[in-house]
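The sequence shown lines up with residues -4 to 202 when you count with the numbering used here.
Where is the CB? At the ideal position from N, CA and C, for every residue including glycine.
Being a predicted model, the structure only gives us computed values, none of them experimental.
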Amino acid sequence: MDIFFYCLIVVGIFAFGKRGRRRRHRPPPRVTRPERSRSPRPPRAPRAPRAPRPVEPPPFDTTTAAPAPQLTCLTGPARIIDGDSIVIRKTQIRLFGIDAPEINHPYGQKAKWALVRLCKGQAIRAEILETDTHGRTVAKCYLEDGRDLSCEMVKLGLAIDWPKFSGGRYRHLEPPDARKKMWLADARQKGHMHVWAKFEARKDQSP
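Written out as structure tokens, the structure is:
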């Protein structure tokens, strides 16, 4: 009997210890967190369409390149050099078809100031024809009302027609005494440059 009770006590102690171990190793209960209320996201603005990439110009092709057209017309205020030469937009221009006295020749100053008065406050239109042997641009020049500057200077008796270049276009407009007054210009047209040389020599000798 003592042995039987002793066995029961041992079995009971063993069962009680095993049960306590199970309780000790139970995992802690999971804590469930309340879900956060998510506010609805605002709708995204539509994306702007991408700008097309610029098209690069083709490389310069020297085989098909052509020179730019030359300037054929100039318009603007005129700066007066003498009776038949002006400057428009930094281009020196000789009036077509006429010959006015040089600035230091008889009537040279009068011719210059007559041209100044004609061009004052005007936008002169120069229709370019060619470049002369002195590198000056030759042009038919017009006032705003369409009057030909070469024509006006000849009618004023302060320039003469130059048939070699004008074909005699302005000869009929010359006053009767025009070539007598502008004898140096007339001598130049006839190739009598010794007349110029004598005039320059006399001028140099004068006090």
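- Between G78 and the set P158, A182 and L144, the nearest pair of CA atoms involves L144.
- In the three-state scheme derived from DSSP, where H, G and I count as helix and E and B as strand, G103 is classed as helix.
- Of the residues G71, E122 and A196, the one whose Cα lies closest to the Cα of F91 is E122.
- Apart from sequence neighbours up to five positions away, the residues of its chain that approach G71 with a beta-carbon distance below 8 Å are I83, R84, A118 and I119, ordered along the chain.
- With contacts defined as CB atoms closer than 8 Å, K150 and Q184 fail to qualify as a contacting pair.
- Look at the beta carbons and you see the stretch 128 to 144 not touching the stretch 170 to 188: under three pairs across the two are nearer than 8 Å.
- Under the three-state reduction of DSSP output, Q200 falls in the helix class.
- For A118, no alpha helix (DSSP H) segment is defined, and its DSSP state is neither H nor E.
- Residue nearest to G162 within the set I93, L69 and R112 is I93 (criterion: CA-CA distance).
- Of C136, N99, T132 and T86, the smallest CA-CA separation from L110 is found for C136.
- Within the stretch 164 to 191, no run of beta strand (DSSP E) reaches 3 residues while sitting entirely inside it.
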